[in-house]
Amino acid sequence: MHILHVVQLYWPAPSGAARYFQEIGARLVAEGHRVTVLATDAFDLEYLWMAGKRRIAEPTGAHDGVQIRRLAVRRLPGPALLYPIIRRLMVELGRLGRPSVPLLRRLATLTPQLPDLAATLADPALADVAVVHTTNITLDFALLPVARWARQRGIPHLCTPFVHVGEPGSEQVVRYYAMPHQIDLLRQTTRVATMTDIERAYLIRRGVPAGKIVTVGAGVTPAEVTGGDGQRFRAAHRITGPVVLSLGVAAFDKGAVHTLAAMRRLWQQGSDAVWVQCGPAFGGFQAAVEALTPAEQARVRVLGYVDNATRRDALAAADVYVQPSRTDSFGITYLEAWCNGVPVIGARAGGVPAVIRHGGDGLLVPFGDVPAIASAIDRLLRDRALARAMGAAGQARVWRELTWDAVYRRIRPLYGEHVRAGE
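The sequence shown begins at 1 in UniProt numbering and counts up one residue at a time.
This is the structure:
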């Protein structure tokens, strides 16, 4: 059977959504199915709205038996600020409710555009597609045309929207993931796969039929993120004190600026901990790092993108993992830390409270609460018995329910009878 996955960023781009589809696709291929991925040519997410970022030059490729077709991105002329301006306009128009849906659909596909998408969908090579699985509801420029194509052909459409519900009681984040046209799209899909029951409950409140939605979560392959050499990492980066680690995008919404501020408080109190940040840095975070004193900069290691070996070494070296984000629908990096027996700190925002069990395998803090973040870090650095117990609890939970094999067992039935094993 032929299955089509539509993923805006895909291998080798570093993306949680990409990894989710890689794991599912590889397992479907192992069952004997054909899987094709339609992706953009973006390597960096910002490439979708900003020139000068990285792209993937090869229009086709393959990974783990999955065939990849990349579509070139075209943007409207103008500054990068044009994209967020249009999205904010869409949020305001969305206040009108369902009457705004047709206009919102047009604005969603204004920029970025995929000029070759229609021709690609009309390619005879995709004529036998039996199931379509799309993702990333906020990047709806790709979802809307594909959803229409699937609907016109009577092809079952599964969507994993990765809705970021943000902070409790605040619409600041989720308003970009739940505009009327986006909710309308999810209502029309065959099935919706959510990361957590928090996300599922939100979509039900917004009118997506409960019977369509199944929580599948995300996972990790423990062997891929363990076995690192912590001493090698410490030696390579001249670290003698405790290591506080963060992985992924260093940005305000991810809590990186607040983590840095929390570390400054701890240093002022005499802590000798070093903060290690691995992942791309956005402008506001970089400015905060540059504003540090020389003594503070000596206790920060901002490494940017790192290879898998360095990532494993960093995890092996870590004493505490911190990612107090408000824009995570799940948070795979918490699982990576748990695989290494490292306790985690996250924010009471997004889907994270459904992932971290406060006081059991980690600690939760309010998003942006610098004193609370500092206190949580300090607590785990001082009480090593508690830290080890939390890390061990998280590790046991990963093996029990949070591997990619477990995720696949939950999502495989959503593909339905159209994709029976071995067909």
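Note that the Cβ used here is the ideal one computed from N, Cα and C, for glycine as well. Owing to the predicted nature of the structure, the values given are computational and were not obtained by experimental measurement.
Item, Value
"Of the residues A337, Y202, H258, the one placed nearest I373, counting alpha carbons only", "H258"
"CB contact flag (P145, A122, <8 Å)", "no"
"Of the residues H164, V289, R312, Y305, the one placed nearest R348, counting alpha carbons only", "H164"
"Residues that DSSP places opposite W275 in a beta bridge", "V244, V300"
"Proximity winner among D253, V73, D41, H2, relative to G124 (alpha-carbon distances)", "The sequence shown places Pro at residue 124, not Gly. Among D253, V73, D41, H2, the Cα nearest to that of P124 belongs to H2."
"Beta-carbon gap between S329 and F162 smaller than 8 Å", "yes"
"Beta-carbon gap between R326 and G166 smaller than 8 Å", "yes"
"Integer-rounded CB distance, given that R75 should sit under 8 Å from P112", "5 Å"
"Reference V129, options F141, W149, G211, closest by Cα", "W149"
"Reference V7; option with closest CA among I183, L139, G331, D64", "L139"
"Local Cβ density within 10 Å of T293, reported as buried at 16 or more and exposed below that", "exposed"
"Complete runs of the alpha helix (DSSP H) confined to the region 54-90 [at least 4 residues]", "none"
"Status (buried if at least 16 other CB within 10 Å, exposed otherwise) for I85", "exposed"
"Contact check, L158 vs A193, beta carbons under 8 Å", "yes"
"Whole-angstrom distance between T190 and V419, CA atom to CA atom", "The predicted model places V419 with a pLDDT of 49, which falls under 50 and marks its position as unreliable, so this point remains unresolved."
"Three-pair Cβ contact test at 8 Å for the region 339-348 versus the region 384-395", "yes"
"Beta-carbon proximity check, V407 vs G230, cutoff 8 Å", "no"
"Burial state of Y305 (16 or more Cβ within 10 Å)", "exposed"
"Touch test, the region 245-256 against the region 352-361, Cβ-Cβ under 8 Å, three pairs minimum", "no"
"Per DSSP, the bridge partner or partners of C159", "T134, V192"
"Cα-Cα separation between G241 and G211, rounded to whole angstroms", "51 Å"
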